[in-house]
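This report refers to the structure that appears directly beneath it.
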Amino acid sequence: MADASLGLWTVPLAVFGGAIRVSTPFLFVSLGECITERSGRINLGLEGTLVMGAMSAYGISYLSGSPWLGVLAAGITGALFGALHAGICSLPRVNDIAVGIALMLLGTGLAFFLGKPLIEPTAARLPAIDFGWWSDVPQLRAALRINVLFLIGVAIAPLLYWAFKTTRWGLLIRTAGESADAARAMGHSVLLIRLRATMVGGFLAGIGGSFLSLFYPGSWNEGLSSGQGITAVALVIFARWDPMLCLWASLAFGGAAALGPALQSVGITSGYHLFNAAPYILTLAIMIITCSPKRTLTGAPAELSITR
Amino acid sequence: MDFGRISRRHLLQGSAALALGSTLGVRSAAAAETTVGFIYVGSRDDYGYNQAHAQGAAALKKLPGIKVVEEEKVPETDAVEKTIESMINLDGATLLFPTSFGYYNPHVVKMAGKFPKMHFEHCGGLWSDKDPKNAGSYFGYIDEAQYISGIVAGYSTKSGKLGFVAAKPIPQVLRNINAFTLGARLANPKATTQVIFTGDWSMPVKEAEATNSLIDQGVDVLTCHVDGPKTMVENAARRGAMVCGYHVNQSPLAPKAYLTGAEWNWEALYPKFVKMIVAGEAIPNFYRGGLKEEIVKVSPYGEMVSAEARKHADDVKAKFMSGEYTIFKGPIADNKGNTVIAGGTDRGQQDPELEKMDYLVEGVIGATA
Chain S
1 MADASLGLWT VPLAVFGGAI RVSTPFLFVS LGECITERSG RINLGLEGTL
51 VMGAMSAYGI SYLSGSPWLG VLAAGITGAL FGALHAGICS LPRVNDIAVG
101 IALMLLGTGL AFFLGKPLIE PTAARLPAID FGWWSDVPQL RAALRINVLF
151 LIGVAIAPLL YWAFKTTRWG LLIRTAGESA DAARAMGHSV LLIRLRATMV
201 GGFLAGIGGS FLSLFYPGSW NEGLSSGQGI TAVALVIFAR WDPMLCLWAS
251 LAFGGAAALG PALQSVGITS GYHLFNAAPY ILTLAIMIIT CSPKRTLTGA
301 PAELSITR
Chain C
1 MDFGRISRRH LLQGSAALAL GSTLGVRSAA AAETTVGFIY VGSRDDYGYN
51 QAHAQGAAAL KKLPGIKVVE EEKVPETDAV EKTIESMINL DGATLLFPTS
101 FGYYNPHVVK MAGKFPKMHF EHCGGLWSDK DPKNAGSYFG YIDEAQYISG
151 IVAGYSTKSG KLGFVAAKPI PQVLRNINAF TLGARLANPK ATTQVIFTGD
201 WSMPVKEAEA TNSLIDQGVD VLTCHVDGPK TMVENAARRG AMVCGYHVNQ
251 SPLAPKAYLT GAEWNWEALY PKFVKMIVAG EAIPNFYRGG LKEEIVKVSP
301 YGEMVSAEAR KHADDVKAKF MSGEYTIFKG PIADNKGNTV IAGGTDRGQQ
351 DPELEKMDYL VEGVIGATA
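Chains S and C are the protein sequences, given in the same order. Numbering-wise, the first sequence is residues 1 to 308 according to the UniProt record's numbering. Numbering-wise, the second sequence is residues 1 to 369 according to the UniProt record's numbering.
Structure follows, in structure tokens:
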């Protein structure tokens with residue numbers, strides 16, 4: 001069975017496959033958060049939105065038999081959570097970070113409560129597209145079974161980059177994020193812009209959750225997210241509020257998550273706790289290297305409560 | 001948050017008692033009912049460890065005169081002490097089953113000292129003479145069932161490579177990995193078991209990645225020791241690999257890929273315990289057993305298990321049932337080449353040395369640290 005085993009080659013292959021499989025929730029949450037933060041607000045509640053999205057997608061897919069309806073439900077749930085965050089933050093002297101933490105706890109708690117009867121049943125899953133038909137290496141074929149949501153996420157990143165740069169909507173969001181006064185002077189409601197931006201951000205995060213429960217790992221349980229939502233929010237800072245960098249950072253985090261198990265599978269067993277921690281070490285290292293006490297982070301929207 | 005939970009519980013139950021007045025309270029106290037409390041560390045429908053206990057609790061609910069109270073997702077901290085206190089003081093529980101390993105010391109030991117008239121049965125702990133007499137620990141030798149799974153896996157694998165998705169390298173997990181491997185090598189002396197530790201009991205994304213990496217390495221039969229095997233079973237079946245289950249029967253999740261599995265049989269043990277208590281008999285403080293004592297069982301074989309595998313597995317199972325079989329029989333070498341059990345030494349199931357296991361046997365690819 002020499003051809004069935006690729007030896008050490010499985011490590012880069014697993015990292016590549018992992019980058020595709022694991023990165024999608026990171027990608028959707030970070031792109032969503034990118035839109036929200038560019039409008040001048042931080043929504044830390046996306047962890048809760050992600051878990052709520054995962055739960056509602058699984059529930060709707062199970063009840064209706066259509067996983068795509070589940071994805072839509074996850075998006076709508078996410079948008080509602082976004083609206084709740086933006087609504088509360090519209091009140092005077094409300095701290096968006098504190099509201100975000102509250103919504104994170106609410107989202108996970110509500111999802112665990114409502115999701116109780118969904119742990120056991122098996123819901124219809126999202127289909128995968130077989131991009132590996134040309135290859136006869138089964139490992140590569142498996143790695144190339146790609147879900148449409150991943151492709152949509154990859155397409156959204158450059159679209160968003162373009163939209164921020166050249167469209168009227170992009171400009172408005174950026175204005176609200178850089179100088180609320182300027183946006184007001186132009187006759188726009190900053191609160192309305194932020195409401196929309198937070199809702200779109202929540203919509204994307206909800207869809208990210210639907211990927212978790214409907215594609216990979218592919219079932220609903222309470223340990224499903226284990227902090228991926230909050231990691232993705234940090235990823236936005238790491239990616240300097242740039243949608244294209246969000247894409248690369250999500251891929252890197254996905255690949256890093258696959259590194260630990262892949263190394264163990266080829267017999268490199270020492271220090272697997274360290275390899276499992278790889279994504280977090282990577283974040284810390286980049287944060288330390290790039291931060292400076294003399295200036296605010298480059299690319300940070302000026303209205304964000306952390307930079308103001 | 002813990003304070004929030006306990007005070008809410010107090011508040012709800014206290015106000016309910018006030019509202020209903022004393023009549024109802026007197027009546028329910030007068031009925032000769034035994035209340036049994038179950039505490040789970042996770043969700044009781046996780047297709048895994050907690051569900052196995054919840055099935056045992058469900059078996060108790062069918063008995064007359066038994067009332068069961070349950071609480072899920074209680075962490076292994078002093079939160080469990082608060083849960084125990086409220087089950088005793090508010091629900092009137094007299095027999096408690098704190099089912100997670102980490103509850104035992106110091107929490108259950110402390111509570112058993114505080115409530116000497118109540119009975120505590122803890123799953124997995126190591127009761128010693130110094131611990132209170134009203135506390136007991138029970139556990140099953142599920143490695144016997146893993147051994148049977150290993151035999152079936154050894155016959156079923158085409159590549160000779162088996163995979164094991166494990167949470168942490170603690171003795172109980174290592175014992176399962178070793179028993180599975182020894183069983184497999186009975187059927188196929190060249191079989192190897194590749195083990196991947198995910199680092200914690202419930203890490204669905206890591207478990208899915210581990211499953212995929214193992215299959216990429218040519219592994220074609222997988223099993224696991226994590227709290228919820230659902231992720232491993234579903235992902236392995238999607239990749240066309242075969243699986244052996246753990247904790248409960250997962251065959252409904254992957255009917256075509258499920259070979260067999262090692263299951264707990266708490267629904268047989270718990271009614272036995274309750275009957276002993278009602279009859280006034282003492283349950284041994286240190287209670288252990290395997291297939292023979294009906295504490296563990298083996299899932300029914302899947303369709304693709306060959307007649308040869310069934311026969312060999314059934315033979316060994318029959319020997320376990322008559323109590324004449326030893327898994328850890330010397331000489332056994334670890335995967336670094338050291339002899340861990342000398343030739344001529346039989347480590348029977350009750351041997352306390354086995355509960356300190358810190359090695360992986362020859363044939364396992366992986367390391368404990």
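Glycine included, each C-beta is placed from N, C-alpha and C at the ideal position.
Closest option to S/Leu-274, judged by alpha-carbon separation, among S/Leu-140, S/Ala-257 and S/Gly-202: S/Ala-257. No Cβ of chain C is located within less than 8 Å of the beta carbon of S/Asn-147.
Your pair C/Ala-52 and C/Val-69 does not check out as a contact, with CB atoms roughly 19 Å apart and the cut at 8 Å. Neighbours of C/Arg-185 in chain S, taken as residues at a C-beta separation under 7 Å, are lacking, since the least C-beta distance is about 18 Å. With a threshold of 16 other beta carbon atoms within 10 Å, C/Ala-307 falls short and is exposed. Taking a C-beta cut-off of 7 Å against chain S, the contacting residues of the stretch 216 to 232 of chain C are Asp-216, Gln-217, Gly-218, Gly-228, Lys-230 and Thr-231, listed in chain order. In the structure shown, S/Tyr-280 falls within a helical segment according to DSSP collapsed to helix, strand and coil.
In the displayed model, C/Gln-217 falls within coil according to three-state DSSP, outside both helix and strand.
Counting C-beta atoms within 10 angstroms of its own C-beta, C/Ser-322 has fewer than 16 neighbours from the protein chains shown and is therefore classed as exposed. For C/Asp-314, the enclosing alpha helix (DSSP H) starts and ends at 307 to 321. Cβ-Cβ distances below 8 Å link S/Ile-101 to Leu-44 and Gly-45 in the same chain, with the five nearest sequence neighbours on each side left out; the list follows chain order.
What S/Gly-267 touches in chain C, judged by beta-carbon distance under 7 Å, is Ile-365, going in chain order. With respect to chain S, the C-beta atom of C/Asp-334 has no partner C-beta closer than 8 Å. When DSSP states are grouped into helix, strand and coil, S/Trp-169 belongs to the helix group.
Counting along the chain, S/Arg-196 sits inside no beta strand (DSSP E); it lies in the alpha helix (DSSP H) bounded by residues 190 to 214.
Flagged as an interface residue toward chain S: C/Gly-199, by a C-beta distance shorter than 8 Å.
Remark: fewer than three beta-carbon pairs, one from each stretch, lie closer than 8 Å, so the stretch 186 to 200 of chain C and the stretch 253 to 266 of chain C are not flagged as touching.
At least one C-beta of chain S is nearer than 8 Å to the C-beta of C/Ala-210. Membership of C/Ile-88 in any beta strand (DSSP E) is not indicated; the residue belongs instead to the alpha helix (DSSP H) covering 79 to 89. In this structure, DSSP gives C/Gly-337 a state outside helix and strand, which the three-state scheme calls coil. Residues of the stretch 213 to 233 of chain S with a Cβ closer than 8 Å to any Cβ of chain C, in chain order: Tyr-216, Pro-217, Gly-218, Ser-219, Asn-221, Glu-222, Gly-223, Leu-224, Ser-226 and Gln-228.
The beta carbon of C/Pro-189 does not come within 8 Å of any beta carbon belonging to chain S, so the residue lies off that interface.
The three-state secondary structure of C/Gln-349, taken from DSSP, is coil. Any Cβ of chain S closer than 8 Å to the Cβ of C/Met-357 would place that residue at the interface, and such an atom is absent.
With a 10 Å radius around the Cβ and a threshold of 16 neighbouring Cβ atoms, S/Asn-95 comes out exposed. C/Asn-249 has its alpha-carbon roughly 56 Å from the corresponding atom of S/Val-190. Using a CB distance below 8 Å, the part of the stretch 258 to 288 of chain S facing chain C consists of Ala-258, Gly-260, Pro-261, Ala-262, Gln-264, Ser-265, Val-266, Gly-267, Thr-269, Ser-270, Tyr-272, His-273 and Asn-276, ordered along the chain. The DSSP assignment places complete beta strand (DSSP E) segments of no fewer than 3 residues inside the stretch 120 to 183 of chain S at 128 to 130 and 145 to 147, in order along the chain.
About 6 Å separates the Cβ atoms of C/Thr-99 and C/Ile-39, confirming a contact at the 8 Å cut-off. If you draw a straight line from the Cα of C/Asp-78 to the Cα of C/Glu-72, it comes to about 15 Å.
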